[in-house]
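Chains A and B are the protein sequences, given in the same order. Using numbering that gives the first Met the number 0, the letters of the first sequence correspond one by one to residues 0 to 257. Using numbering that gives the first Met the number 0, the letters of the second sequence correspond one by one to residues 0 to 288. Ideal placement from N, C-alpha and C gives every residue a C-beta, glycine not left out. Below is one structure, written out as C-alpha cells; the observations come after it.
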Amino acid sequence: MMGAILQLDGVTVRYGRGASAVTAVAGVDLELPPGQIVGLVGESGCGKSTLARAICGLQPLAGGRITLAGEPIPPLGHRRRPARLLRIQMVFQNPYASLNPRRRVGDQIEDGRRVATRPVGSVSDLLTEVEMDASAADRFPHEFSGGQRQRIAIARAMAAAPDILIGDEPIASLDASLQSRIASLMRDVALRNDASLLFISHDLAVVREIADTILVMHTGHIVERGPAERVWAAPQDPYTRRLLAAIPIADGLGRIPG
Amino acid sequence: MTAPATLIRRPRIAPVWRRPLAIVGILFVSFWFITMIIVPFLPLADPLAQDFTPLSPPSGTHPFGTDILGRDVLSRTLFGSRATLPFAILLVIISLILGSLVGAIAGYFGGVIDEIIMRIADLVFAFPTIVLAMVVAAALGPGITNAVIALALISWPNYARVIRSLVLSARNQEYVVAGRLLGAGPLSSLRRDILPNVASPMLVLAMLDLGSQILLLSGLSFLGLGAVPPAAEWGSMVGDGVQQFSNWWLAAFPGLAILTVVVGFNFIGDTLRDSLDPRSANAVTQVNA
Numbered sequence: 000m001m002g003a004i005l006q007l008d009g010v011t012v013r014y015g016r017g018a019s020a021v022t023a024v025a026g027v028d029l030e031l032p033p034g035q036i037v038g039l040v041g042e043s044g045c046g047k048s049t050l051a052r053a054i055c056g057l058q059p060l061a062g063g064r065i066t067l068a069g070e071p072i073p074p075l076g077h078r079r080r081p082a083r084l085l086r087i088q089m090v091f092q093n094p095y096a097s098l099n100p101r102r103r104v105g106d107q108i109e110d111g112r113r114v115a116t117r118p119v120g121s122v123s124d125l126l127t128e129v130e131m132d133a134s135a136a137d138r139f140p141h142e143f144s145g146g147q148r149q150r151i152a153i154a155r156a157m158a159a160a161p162d163i164l165i166g167d168e169p170i171a172s173l174d175a176s177l178q179s180r181i182a183s184l185m186r187d188v189a190l191r192n193d194a195s196l197l198f199i200s201h202d203l204a205v206v207r208e209i210a211d212t213i214l215v216m217h218t219g220h221i222v223e224r225g226p227a228e229r230v231w232a233a234p235q236d237p238y239t240r241r242l243l244a245a246i247p248i249a250d251g252l253g254r255i256p257g
Numbered sequence: 000m001t002a003p004a005t006l007i008r009r010p011r012i013a014p015v016w017r018r019p020l021a022i023v024g025i026l027f028v029s030f031w032f033i034t035m036i037i038v039p040f041l042p043l044a045d046p047l048a049q050d051f052t053p054l055s056p057p058s059g060t061h062p063f064g065t066d067i068l069g070r071d072v073l074s075r076t077l078f079g080s081r082a083t084l085p086f087a088i089l090l091v092i093i094s095l096i097l098g099s100l101v102g103a104i105a106g107y108f109g110g111v112i113d114e115i116i117m118r119i120a121d122l123v124f125a126f127p128t129i130v131l132a133m134v135v136a137a138a139l140g141p142g143i144t145n146a147v148i149a150l151a152l153i154s155w156p157n158y159a160r161v162i163r164s165l166v167l168s169a170r171n172q173e174y175v176v177a178g179r180l181l182g183a184g185p186l187s188s189l190r191r192d193i194l195p196n197v198a199s200p201m202l203v204l205a206m207l208d209l210g211s212q213i214l215l216l217s218g219l220s221f222l223g224l225g226a227v228p229p230a231a232e233w234g235s236m237v238g239d240g241v242q243q244f245s246n247w248w249l250a251a252f253p254g255l256a257i258l259t260v261v262v263g264f265n266f267i268g269d270t271l272r273d274s275l276d277p278r279s280a281n282a283v284t285q286v287n288a
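So this is what it looks like as C-alpha cells:
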C-alpha cells in the first residue's frame with residue numbers, strides 16, 4: 000500500500016484566549032505527498048513544533064483543517080488514538096525525555112509493532128535498520144547516549160509502520176557530528192519504508208541535505224517554499240536570505256555570521 | 000589456588016543504608032518482625048493466662064511484671080506485635096492501592112473528575128484524623144478489622160493527593176505522549192508509562208506512613224475502639240496502664256514497643272527517600288549516559 004496524503008489547509012493555532020492570545024501558527028497550507036521528504040525550517044518560536052503537535056492531534060486548531068487521506072484529524076483526547084491515525088508517528092526533540100526510563104528498549108519498540116497496520120520486521124530488524132546492535136532490546140534507555148536514544152526513538156516510530164513520520168527537531172539536542180548522520184538516517188529509513196517525512200529543524204544546512212522540498216516558516220507563516228536546491232541557491236524571501244546568511248562556514252576566517 | 004584480590008567482592012551496600020539512623024531503624028524493625036514470627040515458639044507464658052500474682056513489679060520470673068489480671072506483661076508485649084504489625088501493613092497497602100488508583104485517575108483525566116475526587120479528599124482532610132477515625136470506628140463497632148477499615152477510609156486522601164501531583168507532572172512527559180501516539184489508551188498509558196515512574200516516591204510515602212498508621216491503630220485501641228479485650232495489643236495495654244499509674248511497668252513496656260517500631264519505620268522511610276532521591280538518581284543516570 001502506498002502512503003496516504005497529509006494535507007493542511009489554512010491551519011491556525013492559538014495559545015491563550017481573548018486579548019492575550021498568541022497566534023503560533025497562522026494559516027499554514029501544506030501538502031505531504033507519499034514518499035516525499037519535506038523540510039520545515041525556521042527559528043525558535045516560529046511555530047514549527049506547534050504545527051507538528053497539531054498534525055499529531057496534540058494541539059486543537061483555532062482554524063483551518065488537517066486531513067489524512069481526506070479524513071480530518073480530531074484532537075487526541077483521553078481516548079485511544081484511532082487506528083488510522085497511528086499511521087502518523089513522531090520523533091521528539093529530546094531523546095532523554097522521549098523514552099520511558101523504566102522500560103526495556105525492546106518492549107517500547109514492541110508497543111509500536113503491536114499497532115502496525117502492515118507487517119514490520121522484528122525488534123532486532125528494526126534496531127539493525129537504525130544501525131543499533133540487536134542486543135540493545137534488553138537494555139534500558141539510560142544505558143545509551145543521546146544519539147543512540149534518538150535511533151531507538153526512530154526505530155520505535157518506524158515499528159508502527161507509519162505512512163507519515165514527523166521529526167520535531169530530532170537533531171537539535173545532538174552534537175554537531177551526529178546531526179547530519181541522524182538526519183540522513185531518518186531520510187533513508189522513511190524512504191525504505193514508503194513513508195513520507197516532515198523534518199522540522201532550525202538548521203537549514205542539514206535540512207537541505209535530506210529534503211526534497213523546503214518550507215521556511217517565520218512568525219507562524221510559511222514565507223517561502225520550493226525545491227531544496229532552489230531555496231538554498233536562490234532564496235526569494237528576505238527572511239530566508241537572513242537564515243542562510245546566519246549559517247556559519249568553517250573556512251577558518253573567523254567571521255561572525257549575519 | 001588463591002583468587003586474585005580484585006575478584007573478591009563484598010555485597011555492595013549503598014552509603015545511605017550505612018548511616019547510624021538507618022541501621023537503628025533496620026534493627027528495630029527487624030527485631031519486631033522476627034519477634035512477630037517466632038513469638039509462639041518462645042518459652043513464654045500464655046499472654047491471656049491469668050496465672051500469676053496481679054500487679055507484681057518486674058522481677059526475675061516476670062521481667063516486665065504482671066498486669067492487674069495477673070498476666071505476664073513481657074509475653075503480652077511480644078505477642079502484641081502480632082496484633083499491630085500485620086494490620087498496620089495491611090492498612091497501608093489498602094490505603095496505598097485505594098489512594099493511588101483514585102489519585103492517578105484524578106491526575107490523569109483532570110477536569111470534572113479531578114475536581115470531584117479532590118473535593119471529596121478535601122472533605123476528609125477537613126477533620127482531624129483521629130477524630131474522624133474515632134467516629135467511623137465507633138459507627139462500625141470496636142474490633143481491629145473495623146479499626147483498619149476506618150483508618151483506610153481516612154488515610155487514602157494522603158496518597159491520592161501525592162500521586163495526583165506526580166501523575167500531573169508525568170503525564171506531559173514526552174515518553175507518555177509518545178506512548179499515546181503509539182496507540183496506548185488511558186489505562187495502558189497509566190500502567191505502562193506513568194505508574195512505574197511514580198512508584199518510588201509512593202513507596203517512600205507508604206514507608207513513612209507505616210509509622211503514623213501504627214500510632215493511629217494503637218490510638219484507636221487505646222481509646223477502646225480497636226483491639227477487643229483480652230487480646231494483647233499495645234494500644235489497649237497502654238490504655239490499661241494509664242488506669243494504674245503507680246504500676247509504671249503496665250504502660251511503659253508496650254509504650255516502648257510502639258516507640259521503637261514507629262521510630263524504626265520512620266528511619267527506614269527517611270533512608271529510603273534519600274536513596275531514591277530524584278537528584279541522586281539523576282546523578283547516577285548522567286554518569287552512566
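With a 10 Å radius around the Cβ and a threshold of 16 neighbouring Cβ atoms, A/D202 comes out buried.
At a cut-off of 8 Å between beta carbons, B/A138 makes no contact with chain A.
When Cβ pairs closer than 8 Å are counted between the two stretches, the stretch 148-166 of chain B is seen to touch the stretch 103-115 of chain B, the count reaching three or more. For B/V203, no CB of chain A lies under 8 Å from its own CB, so it is not counted at the interface with that chain. Looking at the DSSP output, A/V27 bridges to A/V10. Under the Cβ criterion of 8 Å, A/F198 is not counted among the residues facing chain B.
Counting only Cβ-Cβ distances below 7 Å, B/V176 has contacts in chain A at L57, in chain order.
B/P56 carries a coil assignment under DSSP once its states are collapsed to helix, strand and coil. By the Cβ neighbour-count rule, B/A136 is buried, with 16 or more other Cβ atoms within 10 Å of its own. In this structure, A/L190 and A/G34 form a Cβ contact; the two beta carbons are roughly 7 Å apart against a cut-off of 8 Å.
DSSP, read as helix, strand or coil, puts B/L47 in coil. According to the DSSP assignment, B/S154 belongs to the alpha helix (DSSP H) that extends over 143-169. Against chain B, the CB of A/N93 has a partner CB under 8 Å away; the residue lies at that interface.
Taking the CA atoms as reference points, B/A169 sits about 17 Å from A/Q107.
For the options A/A160, A/R229, A/I209, A/Y238, the alpha carbon positioned closest to that of A/M216 is the one of A/Y238.
For A/D167, the uninterrupted beta strand (DSSP E) segment begins and ends at 163-167. Fully contained in the stretch 157-233 of chain B are the following alpha helix (DSSP H) runs of length 4 or more, in chain order: 173-180, 194-221.
Between the stretch 71-78 of chain A and the stretch 118-137 of chain A there are fewer than three inter-stretch CB-CB distances shorter than 8 Å, so the stretches are not counted as touching. According to the DSSP assignment, A/I36 belongs to the beta strand (DSSP E) that extends over 36-40.
Cβ-Cβ separation between A/R64 and A/D8: approximately 5 Å, consistent with a contact (criterion under 8 Å). Here A/I248 carries a coil assignment [DSSP, helix/strand/coil]. Residue environment analysis places B/F126 among the exposed positions, since fewer than 16 neighbouring C-beta atoms fall within 10 angstroms of its C-beta. At a cut-off of 8 Å between beta-carbon atoms, B/D113 makes no contact with chain A.
By the Cβ neighbour-count rule, A/D167 is buried, with 16 or more other Cβ atoms within 10 Å of its own.
In this structure, DSSP gives A/L214 an extended state, which the three-state scheme calls strand. Identification of chain A residues near B/L181 by a Cβ-Cβ cut-off of 9 Å yields R80, L85, Q88, Q107, D110, G111, R113, V114, R155, A156, A158, A159, ordered along the chain. Here B/G102 is buried. Its C-beta has 16 or more other C-beta atoms within 10 Å. Bounds of the alpha helix (DSSP H) holding B/V261 are 248-274.
Under the 8 Å criterion on CB atoms, B/Q172 is classed as interfacial with respect to chain A. Sequence-distant Cβ neighbours of B/G254 in its own chain, meaning closer than 7 Å and more than five residues away, are V237. For the stretch 183-194 of chain B, the set of residues with a beta-carbon nearer than 8 Å to any beta-carbon of chain A comprises A183, G184, P185, R191, D192, in chain order. In this structure, A/L50 is the residue among A/L50, A/R13, A/V40, A/V24 with its C-alpha nearest to the C-alpha of A/L5. A/R155 is the residue among A/R155, A/V12, A/A96, A/Y14 whose C-alpha sits nearest the C-alpha of A/R113. Among the residues of chain B, those whose CB is under 7 Å from the CB of A/A96 are Q172, E173, Y174, following chain order. Judged by DSSP in its simplified three-state form, A/R224 adopts strand. Against A/P100, the close residues of chain B are Y174, P195, N196, T284, in the order they occur along the chain (beta-carbon pairs closer than 9 Å).
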